[in-house]
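Participant: Using the numbering used here, the first residue of the sequence shown is number 1326, and each one after it goes up by one. The C-beta atom is built at its ideal place from N, Cα and C for all residues, glycine as well. Shown below is the structure under consideration.
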Amino acid sequence: MFFRNDNMFQICKKNLKNAMIIYNVTVNVEKEVEEVWVNWMKETHIPEILATGLFHEHKMLRLLNETEGEGETYAVQYFTDELDKLEKYMSEEAPRLRDEHYKKFQDKCVSFRTFLETV
1326 MFFRNDNMFQ ICKKNLKNAM IIYNVTVNVE KEVEEVWVNW MKETHIPEIL
1376 ATGLFHEHKM LRLLNETEGE GETYAVQYFT DELDKLEKYM SEEAPRLRDE
1426 HYKKFQDKCV SFRTFLETV
């Protein structure tokens, strides 16, 4: 599981300065599935993530300065006020939701995740 074997959340907790926490997922989506992916994210995936009750807001953004490679790049940001909620999401909810995403889009999307705090 994600971060299961290391102390990433302990490091985050130690460095956190009582700020808003943002779980950012950056995804490059192949053109052939882009429209279907965007609709699925808006109608299914994002509502499922918000329904966990662990995030109170989200933003879905498209990169404007994409110049290399195929496809479009999007960033989806989920906002929470507690690192414990993010940790719970990553351990209890994310594996299932990530599997659903992979089953639907397989290798048509490449993503990476970052944890951010407002300054």
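#1: Which residues bound the beta strand (DSSP E) around H1383?
#2: Which residues bound the alpha helix (DSSP H) around V1361?
#3: Would you say L1441 and I1347 are within 7 angstroms of each other, going by their C-beta atoms?
#4: Does the beta-carbon of A1344 have 16 or more other beta-carbons within 10 angstroms, so that it is buried, or is it exposed?
#5: Near F1327, what residues of its chain come up, given a Cβ to Cβ distance below 7 angstroms and the 5 sequence neighbours on each side ignored?
#6: When you compare each of E1417, H1426, H1383 and E1397 to T1405 by their alpha carbons, which one comes out closest?
Facilitator: Let me spell this out:
#1: Annotation for H1383: the continuous beta strand (DSSP E) segment containing it runs E1382 to R1387.
#2: First-last of the alpha helix (DSSP H) with V1361: K1356 to W1365.
#3: Yes, the pair counts as a contact, with Cβ atoms nearer than the cut-off.
#4: Of the residues assessed, A1344 falls on the exposed side of the cut-off, its CB having fewer than 16 other CB atoms within 10 angstroms.
#5: Summary for F1327: the model assigns pLDDT 46, below 50, so the residue's position carries little reliability, and this model does not support an answer.
#6: Taking the Cα of T1405 as reference, the smallest distance to any Cα among E1417, H1426, H1383 and E1397 is reached at H1383.
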